[in-house]
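Undergrad:
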Amino acid sequence: MRLKKQISIMRQSWWKILTIGLLFYTLIAGLLMDVPRLPILNETIRALHFHVTMWFGMILMLVVAVVYSIKYLRSNDLKHDDMALEFTNAAILFGVLGIVTGMLWARFTWGDYWSGDPKQNASAIGLLMYFAYLILRGSITDQQQRGRIGAVYNIFAFAAFIPLIFVLPRLTDSLHPGNGGNPGFNAYDLDSKLRMVFYPAIIGWTLLGTWIATVRVRIRRVERLLEDKLINS
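Residue 151 in the numbering used here is what sits at position 151 of the sequence shown, and the numbering runs on without skipping anything.
As structure tokens, then:
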């Protein structure tokens, strides 16, 4: 009986085990595996496995948040609002980490932590939009109203965020690869060694964000149950 229970727990937690394995691999291989010697970048190209992949994970989590925002608007089920909020929170966390790792990378390749690059500025504005989402939610006391306004804001914020960080920087001069006429990594040497870490890293960071979000959702639901019991008693 105990063995069956352990097997059941393992089946439910397989993706968490996978998350730990992928992130451990990302850290070790990302820091120690051989990388191509590109002009200026040299060893700093290892930041690709952290800076860029965290932002990919952030985008995927924002997509999930938008899906649950739409579900909430259709159902008024607070469970969907919980998911939208916590996936957005996880995405913001990875967005901040992505900017910090990008600043460190910029310091060693562009000579300064923040150079006013259009994509840097656009990314900062995008994060401020999502910080405003949290402030907006915190200013509303009614749960249903907070969920509806938050869901609408979340949908429109995502619709503005994508062109802000992917389209507009391409229309002007930018130091970022793939922007302002600069070739992207695929154009010169995102070789098989980098890909061996790059894609697993995206999956690993995304799963970690999902793990964080789902834990916070369970906490929110327990807190709501306790509040309801106190009110009813």
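Glycine included, every Cβ here is placed at the ideal spot set by N, Cα and C.
1. Which one of R224, G116, G150 and Y25 has the shortest CA to CA distance from N89?
2. What is the residue span of the alpha helix (DSSP H) that N154 lies within?
3. Let's test the definition: count the other Cβ atoms within 10 Å of the Cβ of V222 and tell me whether it reaches 16, buried, or not, exposed.
4. Give me, in chain order, the residues of the same chain whose beta-carbon lies closer than 7 Å to that of I202; leave out the 5 immediate sequence neighbours on both sides.
5. Quick one, which of L78, R74 and H49 has its alpha-carbon nearest R224's?
6. CA-CA distance, G21 and I59?
7. Give me the Cβ distance between Y241 and G147, rounded to the nearest whole Å; I'm assuming they're in contact under 8 Å.
8. Count the C-beta pairs between the region 62-72 and the region 44-51 that are closer than 8 Å, then say yes if the count reaches three, no if not.
9. Assuming contact is defined by CB atoms lying nearer than 7 Å, are G126 and F158 in contact in what I supplied?
10. Indicate the three-state DSSP secondary structure (helix, strand or coil) for R37 in the structure shown.
11. Output the boundary residues of the alpha helix (DSSP H) element that contains E86.
12. Report the rounded CA-to-CA distance for H49 versus L230, giving the unit in angstroms.
13. What did DSSP end up calling Y68 once you bin it into helix, strand or coil?
14. Report yes or no: do the region 114-134 and the region 25-35 share at least 3 C-beta pairs separated by less than 8 Å?
15. Within 10 angstroms of the Cβ of I219, are there 16 or more other Cβ atoms? Answer buried if so, exposed if not.
16. So, for S69: in the same chain, excluding its five sequence neighbours on each side, which residues have a beta-carbon less than 7 Å away from its beta-carbon?
17. Among A91, F166 and L31, whose alpha-carbon lies nearest the alpha-carbon of W205?
18. DSSP three-state label for Y199, please.
19. Excluding the five sequence neighbours on either side, which residues of its own chain have a C-beta within less than 7 Å of the C-beta of F18, listed in chain order?
20. What separation, rounded to the nearest whole angstrom, lies between the Cα atoms of D117 and Q12?
21. Would you check if the distance between the CB atom of G209 and the CB atom of F108 is smaller than 7 Å?
22. Could you tell me the distance, in whole angstroms, from the CA atom of T141 to the CA atom of F131?
23. Taking only three categories from DSSP, how would you classify T53?
TA: So, to answer that:
1. Residue nearest to N89 within the set R224, G116, G150 and Y25 is G150 (criterion: CA-CA distance).
2. Run containing N154: Q143 to I162, per the alpha helix (DSSP H) assignment.
3. Around the beta carbon of V222, fewer than 16 other beta carbons lie within 10 angstroms, which makes this residue exposed.
4. Result list for I202: T53, F56 and G57, in chain order.
5. Checked all of L78, R74 and H49; the closest Cα to R224 is L78.
6. C-alpha of G21 to C-alpha of I59: approximately 22 Å in a straight line.
7. Residue 241 falls outside the range modelled here, since the chain spans only 1 to 233, and no answer is possible.
8. When Cβ pairs closer than 8 Å are counted between the two stretches, the region 62-72 is seen not to touch the region 44-51, the count staying below three.
9. In this structure, the beta-carbon distance from G126 to F158 does not fall below 7 Å.
10. Residue state, collapsed to three classes: coil.
11. For E86, the enclosing alpha helix (DSSP H) covers residues L78 to T109.
12. The straight-line gap from Cα to Cα measures roughly 47 Å.
13. Y68: helix per DSSP, three-state reduction.
14. With the cut-off at 8 Å, the region 114-134 and the region 25-35 do not touch.
15. By the 10 Å Cβ count, I219 comes out exposed.
16. Hits under 7 Å: A84, A151, N154 and I155.
17. Considering only A91, F166 and L31, the residue with the shortest C-alpha distance to W205 is A91.
18. Here DSSP, grouped into helix, strand and coil, assigns Y199 to helix.
19. The identity of residue 18 in the sequence shown is Leu, whereas the question assumes Phe. Within its own chain, the residues whose Cβ lies closer than 7 Å to the Cβ of L18, once the five positions on either side in sequence are excluded, are L207, listed in chain order.
20. Rounded to the nearest angstrom, the two C-alpha atoms are 44 Å apart.
21. Their beta carbons are not under 7 Å apart, which means G209 does not touch F108 by this criterion.
22. Rounded to whole angstroms, T141 and F131 show a C-alpha spacing of 18 Å.
23. Helix at T53.
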